[in-house]
Every structure is written in structure tokens, then in C-alpha cells.
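S.K.:
Structure follows, in C-alpha cells:
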């Protein structure tokens, strides 16, 4: 087992990892930028090292400083959290080269799944359904011809993409060339890789993802699914587990598909396979996230499994100590991501000092947050204040609990997205489970612009 | 009488020691009211000690700060430095990054020992600015 873990991240996920490490008796090292000096992860870790200035490139993305911090503190493992360097195969390799364990999958797995076109090809090779589409676009005329076969509308995606960057919805051939070029340009500047591919657009899909766990001995299990259909501009707002709309046999097939794909690449950590599901419950593999996800919490709530703990145990060479038959789903969990944003002003970030902060509590309510009264939400990073996670015996109870928890949540001094979550939770279609990735656009068009 | 005189002397000493301008005493045998002359206190001049204003040079990276190379110091207390003077290196994972002075002045003191681990922004040297 590791003796000391350095957490190459900030905010709530850094705290989340520190907490599990403490429970495992492992020492922790926080790294921080000059903007995060007063952050809770800095105060809660056993040691803290300032790694640079306020921007991410000067600090949380600066590989030499992070490795140096591990070296001077004697950390024998690095947990990358999510975002920042979590899906950077080069960083994972550098950690290994310096005899520091990377708490995540092997660099080979990250590379294979990080490139979306390769991930898609791997899925096809393993008999996992994907939407009809093209390979990397090399010639616009060839692409036009292929899209004529597939049929409009289509979606252009960056192979190195994430967070909706480079994506272009395209409804006809007149738009295709222009959209391919603008997608390539955006992808090139955002990811340093301008390659794009095209997929048939699934109208009104649900976003369903499967949480998997693999070890270094070829064992892979799945921990059920999550429904993350409530999104705004490809950013998830509410996540739930289990899926309330899919028949059990479809969920099982998706889980088995996920395990098959993970096994085929020797996947050896926590990971998530994202699928789109159409109105006829046909599912299509979209991409794999080779890291812990923000919404891993809802899976933890319904399975009783600490995913971070298993991720650490696996990275230290441990065998998965649970098998598929041990996985039992109990109850229904919902997570709301609370951000410092002004929903009435195009979701403009609302950084500032939390003049008052009182988190909700009570039976079945979990708060994963790095916030406290007096803490300043920085304008330099994402605007998350915290995650409210609830567990109910069923979806109705979970919704009622979430409404109660959000009502209790006191955050003063900045604007938050709590009013948006309350609007969604009080919507009848949401209550009945009539949701898709178009939910916000359809029900709150004024908020989706 | 002798005893009273000695008590008065003690009280005078207290008044002097604490630079009191006035002191009243009521004992069993006598009462005393001492007032010191204002001229006397004015005579006492206190020397103002003005500390030189020092600036710090902070770490620009993460690693071990080395200002002794092969047994000889690269810099030492009292050295005159200029903007651009090399002040040693910050070494991590076998890579050395030079610490370059952003100011001119005289090295007053070191804030860390040679080869100490340092993080970004940690004060390393105190400089009397030129």
C-alpha cells in the first residue's frame, strides 16, 4: 500500500481523495496555486506545496512542478482527480518514469480511449454498437459523400475533444464544409489536434453511462449505470443512479458491453463508458472517460462502494476484492452540481467571497464541497461550489430529499445555480422521468441560449 | 527618620525607573507626593533605531535550493548582487533551474539552508536594496 499520496488537483475532488486516503491511513500532500492558498484541501492535507501562479498552466497543469513536489515530499503515488492532468497519458508515463504510481489507468489505456476515433474503432471491433459515422475527416468531398449515405443531421466531433469543444451540429450539406473547418480550427487550438470525425445525430437521446472498475489482473466489473441527461450545453447539471427509464435487460447489456470493451484494452482502474440511448432503447457507445468522474458519488450511494478507495487499492497492485455478483443496487441517488453562476445572466461565472455558508444535512444527504463561510470562489478555475448528493429508497423520495436539501443550502455573497436546480426538480416532466439531453432546451429555452 | 529616608529613596528610584512624572504614596507613618521636573524628562533623548528596509527574493519553482556548488558558495552574505545575478539553482528530478536575481542590492541573510526543499513563492534571501 502507498505511504503518501500527492493529489494533483484542487477543490472538492482533492478533498474527496484526501478523506479516503486518511481513512486508509495514507499521508497526503496537497498542491496548490497562489490563488488557492486558503483552500480547504491545503488545510486538510498533511503537507501542502505551492506549485505556481494562479493560472492552471502555471500550476495544476505544470508537470515538472507537480513531479518536483512529489519528489521533495517523498510521495509514492499521485492521484490526478478529474480534469487538469487526469487524462494526460504523457503525465501518467512521467509519473511511472519517476517511480511514482499514477492512480489511474495505464498510459496505453488513456491514449487508446482518449483518442475518440480510436475508441470508436475499438468499440466496433468488440461488437459494441456505435452511431453510424466516418473515420477522421481527411477529404471534405469524401466526407460529404459519406454523410449523404448516413443522412442528416450529423454531429462533427473532435477526436481529442471533451466538454463539447469542437462539436458542430450540422443539418445540411451547405453547412458541412464550413462546420468541418471551424470544428478543426477549434479542436486544433483547444487540444493541439485538429482531427475531427462525423457521427449521425441521435435526436432526443438520453445520456446513460456505465461505471466500471478494472484491476491489473484482468478483472473488470461494472457498478450499474447513471443517467446524466440533464445537461446545458453538454455540461451535466443533474445525475442520477440507477437509470429510471431503461428496462433492466438493456442496462445489463450495456454493462456487459462496457466490461467487454474495458477487458479488451486491459483497463486497470475506475472508468466510465458513455452511451447515448434513443427513444427505442437502442444504445450507442459515445466515449470513455479514463478517470474518476464528478458524478461517481451517485454510484457510491447506491452500491455502498467507495470508488476512490478501490482505485487506490488497484493502483497499489491490489486485486479487485468484489465480483459482479456482489454488486447490489439499493435505492435511488441524485446529485446536483452547484456552481457559482448567474442563471439570469447567461450563466456568467459569479466569483467572490461566500459571506455566509451553511450546508444542508440530515439523513440521506451528502455534501462534497470545498466551500466554507469566508472562502473566495476564484475566477481562475471552474465555478463549482459543491455537490449535493441524496439517497432515497426510490426516485420520488430522492427528489423530495433533494428539494429539502436545496432549500436548506445557504450561500450568500455570490449567485448560484440552486434556483435552476429547484426549477428542474419542480418540473412535472422531470418528476415523471420524461427527460433527454434536450430537456433544458425544451423546457427552459431562455436558459439554454 | 533613617527608615523614612530610605523609603523615599526607593520611591524616587521607582519614579525614575519608570519615568513617572508624578507619584503619590500614603503610608502608615508618612505621605509623599513626588513631581519630577519636566526639563529633566526632556533631557532624556531616545535614540531612534531605523531598521534598513529589506526585500526578499522568493522561489520561482519547486525543488531543492542549492547555493553551494562543489563545496564553494555561489553567493554569500554581504555579496553585492545585480539584476540578473545567478543566485544558485532550484533542482528537482535531476533538472536544475537557475535562480536569477530580480533586483540589485546586498545579501543580508539566507531564509533557508543550502539544499532545503522549497515550494513556489518561498522566501529564500533577504536583500538590502541598492
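Chains as they are written, first to last, in the numbering used here: chain A, 20 to 468; chain B, 51 to 180. Ideal Cβ placement from N, Cα and C applies to all residues, glycine included.
So, is the C-beta of residue 148/B closer than 8 Å to a C-beta in chain A?
M.R.: no
S.K.: What residues from chain A crowd round residue 113/B, counting only those whose CB sits closer than 7 Å?
M.R.: 87 and 91
S.K.: Could you work out which residues of chain B lie near residue 70/A, taking near to mean beta carbons separated by less than 8 Å?
M.R.: 112, 169 and 170
S.K.: Leaving out five residues on either side along the sequence, give the residues of the same chain with a beta carbon under 7 Å from the beta carbon of residue 173/B.
M.R.: 106, 108 and 161
S.K.: Out of 455/A, 415/A, 255/A and 378/A, which one is the CA nearest neighbour of residue 445/A?
M.R.: Relative to the Cα of residue 445/A, the nearest Cα in the group 455/A, 415/A, 255/A and 378/A belongs to 415/A.
S.K.: So what does DSSP say about residue 250/A, is it helix, strand or coil?
M.R.: strand
S.K.: Whose C-alpha, out of 103/A, 105/A, 127/A and 97/A, is nearest the C-alpha of residue 114/A?
M.R.: 97/A
S.K.: Is there a C-beta anywhere in chain B that falls below 8 Å from the one on residue 53/A?
M.R.: yes
S.K.: Less than 8 Å between the C-beta atoms of residue 358/A and residue 436/A, yes or no?
M.R.: yes
S.K.: Write down the C-beta distance between residue 62/A and residue 71/A rounded to the nearest angstrom, noting that I regard them as a contact closer than 8 Å.
M.R.: With a Cβ gap of about 19 Å, residue 62/A and residue 71/A do not count as contacting.
S.K.: I'd like to know whether the C-beta of residue 117/A is nearer than 8 Å to at least one C-beta of chain B.
M.R.: yes
S.K.: From which residue to which residue does the alpha helix (DSSP H) around residue 192/A run?
M.R.: 192 to 210
S.K.: Below 8 Å, can you find three or more Cβ-Cβ pairs linking the region 259 to 269 of chain A to the region 193 to 207 of chain A?
M.R.: no
S.K.: Within the same chain, show all residues whose beta-carbon is closer than 8 Å to that of residue 279/A, passing over the 5 residues directly before and after it, in chain order.
M.R.: 145, 146 and 147
S.K.: So, at 7 Å on beta carbons, what are the nonlocal neighbours of residue 325/A in its own chain, with the 5 sequence-adjacent residues on each side left out?
M.R.: 39 and 319
S.K.: Spell out whether any CB of chain B is found under 8 Å from the CB atom of residue 464/A.
M.R.: no
S.K.: Just mark residue 167/A as buried or exposed, buried being the case when its beta carbon has 16 or more other beta carbons within 10 Å.
M.R.: Exposed: under 16 other Cβ atoms inside 10 Å.
S.K.: Residue 145/B versus chain A: which residues are under 8 Å apart at the beta carbon?
M.R.: 83
S.K.: Pick helix, strand or coil for residue 449/A, following the three-state DSSP scheme.
M.R.: helix
S.K.: Using DSSP bridges, identify the partner residues of residue 159/B.
M.R.: 176/B
S.K.: Find out if the Cβ-Cβ distance for the pair residue 329/A, residue 232/A is shorter than 8 Å.
M.R.: yes
S.K.: Please report whether the beta-carbon of residue 180/B lies at a distance below 8 Å from any beta-carbon of chain A.
M.R.: For residue 180/B, no CB of chain A lies under 8 Å from its own CB, so it is not counted at the interface with that chain.
S.K.: When you compare the CB positions of residue 103/A and residue 58/A, do they come within less than 8 Å of one another, or not?
M.R.: Taking a C-beta distance under 8 Å as the contact criterion, residue 103/A and residue 58/A do not qualify as a contact pair.
S.K.: Kindly provide the ranges of any alpha helix (DSSP H) runs that are 4 or more residues long and lie completely inside the region 295 to 335 of chain A, ordered along the chain.
M.R.: 315 to 322 and 326 to 334
S.K.: Using the Cα positions of residue 429/A and residue 404/A, report the straight-line distance between them to the nearest angstrom.
M.R.: 12 Å
S.K.: Looking at C-alpha atoms only, which residue of 203/A, 170/A, 181/A and 238/A is the closest neighbour of residue 219/A?
M.R.: 170/A
S.K.: If we ignore side chains and look at the alpha-carbon of each, how far apart do residue 87/A and residue 178/B end up?
M.R.: So the alpha carbons of these two residues sit roughly 31 Å apart.
S.K.: Looking only at its chain, what residues have a beta carbon closer than 7 Å to the beta carbon of residue 108/A, apart from the 5 residues adjacent to it on each side?
M.R.: 126, 129, 130 and 133
S.K.: Residue 140/B and residue 147/B look like a contact to me (Cβ under 8 Å); what is the Cβ gap, rounded to whole Å?
M.R.: Confirmed, Cβ separation roughly 5 Å.
S.K.: Would residue 120/A and residue 334/A qualify as a contact pair, given that the criterion is a beta-carbon distance under 8 Å?
M.R.: A contact, by the Cβ cut-off of 8 Å.
S.K.: Excluding sequence positions up to five away, which residues of its chain have a Cβ less than 7 Å from the Cβ of residue 277/A?
M.R.: 229, 231, 241 and 292
S.K.: Which same chain residues, not among the five before or five after residue 386/A, have their C-beta less than 8 Å away from its C-beta?
M.R.: 378, 379, 380, 405, 406, 407 and 408
S.K.: Quick one, are the C-beta atoms of residue 313/A and residue 101/A less than 8 Å apart?
M.R.: yes
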